[in-house]
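Notes to accompany the following structure.
Chains as they are written, first to last, in our numbering: chain A, 1 to 149; chain B, 1 to 262.
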């Protein structure tokens, strides 16, 4: 229900003043998502795979993660898509750990790391905040996810 | 720095005391159309925020707010209480490790706006990536302390488009400079929209393997749906609609084992 809390808070005039927001007096309320934009979206690339191919080769650090209880853009969708990149595997699939528990599973490819977050939904840091933070720290450090507790 | 100081947030209503700085405001990305994007920067809560990287967080939709989701539900330092009267601290905020820049993009999302109404009806991937790049360049001239700083992009869902598209734009833009001001080091995306065809097959497979839909629906969807075409057939529509309307039940599709919000 958390997005309804945000809609209450960010429509408060004192919050908008404190944030220097809505200075032009927008004629509609602040909403978490815009119906107009989603319904009238014009151009949408069919696939991101060519961009991934190009950027993975350019040396950028790329991590793709997936909360495994999401059914909207689920883990099987991501895995199926990524498999078509045909990237060589650097580190084979293994469980990563935090707090004496499996935090998820990961596989490292040449130019890209894939990781799941066990028990997390679409918004991974909302449902599994600690696991998400461990994942982010590993990403920033450029290190593989922890193999042991 | 005067412009930067104008954007400083003294304190948000209902906010607990914190030691890190926050800024928010608008950056104009298209003068003639009057498109302006709204950002919220929450600096790192570490004792040395100037040594920490900058992370730009984008949400998906398309059309959803980075402030609503990324900042207030996911990685930001504050959570909002039920009545919208107070904020409390997020124990696992990512601003321990990075300076977080939340961007409401494209124009029409959250506080971001355009003075040209037609902009709201012809937004798309290409303009969003271009506006986001312009935003970053202009934002860095307002916050020059972040020029050359290690920079990362993150996001989820439809930001699976925004994030790599912006990374590519930055990569191409940076080719003209020997020492680019946008020091892009990498990006990470979660539950990201990646490929229409493979995502769709993977999604239907997830529904079936998690016992959300019947064998019959699974077989019908795979039989009738051609996920490579723009317009789906009526048979495909019917098969998917049957599964969603008669088999899914009232679950939170974004987190299938979580109680729904009543």
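We put the CB at the ideal spot given by N, CA and C, even for glycine.
Coil, strand or helix - residue i by DSSP
i: residue 128 of chain A; result: coil
i: residue 142 of chain B; result: helix
i: residue 133 of chain A; result: helix
i: residue 165 of chain B; result: helix
i: residue 57 of chain B; result: strand
i: residue 24 of chain B; result: strand
i: residue 173 of chain B; result: helix
i: residue 87 of chain B; result: strand
i: residue 40 of chain A; result: helix
i: residue 106 of chain A; result: strand
i: residue 99 of chain A; result: coil
i: residue 196 of chain B; result: helix
i: residue 55 of chain A; result: helix
i: residue 102 of chain B; result: strand
i: residue 181 of chain B; result: coil
i: residue 30 of chain B; result: strand
i: residue 227 of chain B; result: coil
i: residue 213 of chain B; result: coil
i: residue 250 of chain B; result: coil
i: residue 10 of chain A; result: helix
i: residue 204 of chain B; result: helix
i: residue 64 of chain A; result: strand
i: residue 94 of chain B; result: helix
Closer than 9 Å at the beta carbon, the chain B residues around residue i
i: residue 124 of chain A; result: 74, 156, 190 and 191
i: residue 52 of chain A; result: 164 and 194
i: residue 60 of chain A; result: 167, 171, 184, 185, 186 and 187
i: residue 97 of chain A; result: Residues of chain B passing the Cβ test: none, with the nearest at roughly 17 Å.
Rounded separation between residue i and residue j - CA only
i: residue 27 of chain A; j: residue 80 of chain A; result: 43 Å
i: residue 36 of chain A; j: residue 120 of chain B; result: 7 Å
i: residue 84 of chain B; j: residue 122 of chain B; result: 33 Å
i: residue 140 of chain B; j: residue 179 of chain B; result: 15 Å
i: residue 56 of chain A; j: residue 188 of chain B; result: 12 Å
i: residue 126 of chain B; j: residue 60 of chain B; result: 15 Å
i: residue 147 of chain B; j: residue 259 of chain B; result: 44 Å
i: residue 38 of chain A; j: residue 14 of chain A; result: 29 Å
i: residue 9 of chain B; j: residue 152 of chain B; result: 24 Å
i: residue 350 of chain B; j: residue 126 of chain A; result: Summary: the structure shown does not reach residue 350 of chain B, with chain B confined to residues 1 through 262, and so no result is reported for it.
i: residue 200 of chain B; j: residue 109 of chain A; result: 23 Å
i: residue 206 of chain B; j: residue 256 of chain B; result: 11 Å
i: residue 1 of chain A; j: residue 165 of chain B; result: 31 Å
i: residue 202 of chain B; j: residue 212 of chain B; result: 14 Å
i: residue 36 of chain B; j: residue 110 of chain B; result: 11 Å
i: residue 48 of chain A; j: residue 159 of chain B; result: 11 Å
i: residue 9 of chain A; j: residue 75 of chain B; result: 18 Å
i: residue 11 of chain A; j: residue 51 of chain B; result: 34 Å
i: residue 82 of chain A; j: residue 208 of chain B; result: 20 Å
i: residue 29 of chain A; j: residue 2 of chain B; result: 30 Å
i: residue 27 of chain B; j: residue 99 of chain A; result: 42 Å
i: residue 168 of chain B; j: residue 63 of chain A; result: 15 Å
i: residue 243 of chain B; j: residue 102 of chain A; result: 32 Å
CB-CB length for residue i against residue j, believed under 8 Å
i: residue 156 of chain B; j: residue 122 of chain A; result: 7 Å
i: residue 140 of chain A; j: residue 154 of chain B; result: So it is not a contact: roughly 11 Å between Cβ atoms.
i: residue 4 of chain A; j: residue 171 of chain B; result: Going by Cβ atoms, the distance from residue 4 of chain A to residue 171 of chain B rounds to 39 Å, so no, they are not a contact pair.
i: residue 33 of chain B; j: residue 116 of chain B; result: 4 Å
i: residue 63 of chain B; j: residue 42 of chain A; result: Incorrect: roughly 12 Å between the Cβ atoms, too far for contact.
i: residue 196 of chain B; j: residue 46 of chain A; result: 5 Å
i: residue 66 of chain B; j: residue 55 of chain B; result: About 11 Å; that fails the 8 Å criterion.
i: residue 92 of chain B; j: residue 129 of chain A; result: 4 Å
i: residue 19 of chain B; j: residue 45 of chain B; result: 6 Å
i: residue 161 of chain B; j: residue 193 of chain B; result: 6 Å
i: residue 133 of chain A; j: residue 96 of chain A; result: Actually they are not in contact, since the Cβ atoms of residue 133 of chain A and residue 96 of chain A sit about 13 Å apart, beyond 8 Å.
Proximal chain B residues relative to residue i, where beta-carbon distance stays under 8 Å
i: residue 67 of chain A; result: 190, 191 and 255
i: residue 46 of chain A; result: 195, 196 and 197
i: residue 109 of chain A; result: Chain B residues near residue 109 of chain A: none, gap ~14 Å exceeds 8 Å.
i: residue 49 of chain A; result: 194 and 195
Listed by chain order, chain B residues near residue i by CB distance under 7 Å
i: residue 30 of chain A; result: 110 and 111
i: residue 9 of chain A; result: 80 and 84
Contacts that residue i makes with chain A (C-beta to C-beta distance below 8 Å)
i: residue 181 of chain B; result: By Cβ distance, chain A contributes nothing, its closest Cβ being about 17 Å from residue 181 of chain B, past 8 Å.
i: residue 12 of chain B; result: 15, 18 and 19
i: residue 120 of chain B; result: 34, 36, 37 and 40
i: residue 40 of chain B; result: 19
i: residue 135 of chain B; result: None at all; the shortest Cβ gap to chain A is about 16 Å.
i: residue 161 of chain B; result: 44, 45 and 48
i: residue 92 of chain B; result: 125, 129, 130, 132 and 133
Under 7 Å by beta carbon: chain A residues contacting residue i
i: residue 97 of chain B; result: 136, 137 and 140
i: residue 125 of chain B; result: 43, 44 and 45
i: residue 146 of chain B; result: Residues of chain A passing the Cβ test: none, with the nearest at roughly 16 Å.
Decide if the segment 131-144 of chain B is in contact with the segment 95-107 of chain B; the criterion is three or more beta carbon pairs, one per stretch, under 8 Å apart.
yes
Say whether the segment 172-188 of chain B touches the segment 84-94 of chain B, bearing in mind that this needs 3 or more beta-carbon pairs closer than 8 Å, one atom from each stretch.
Judged by pairs of C-beta atoms under 8 Å, the segment 172-188 of chain B does not touch the segment 84-94 of chain B, as fewer than three such pairs exist.
Cβ contact check for the segment 243-252 of chain B and the segment 95-115 of chain A: 3 or more pairs under 8 Å
no
State whether the segment 48-65 of chain A contacts the segment 228-247 of chain B, with contact taken as three or more CB pairs (one from each stretch) at a distance under 8 Å.
no
Taking contact to mean 3 or more Cβ pairs, one atom from each stretch, closer than 8 Å, check whether the segment 15-35 of chain A and the segment 19-28 of chain B are in contact.
yes
Closer than 8 Å is the cut-off here; do at least three beta carbon pairs connect the segment 219-230 of chain B with the segment 61-70 of chain A?
Contact between the segment 219-230 of chain B and the segment 61-70 of chain A is absent: fewer than three C-beta pairs spanning the two stretches fall below 8 Å.
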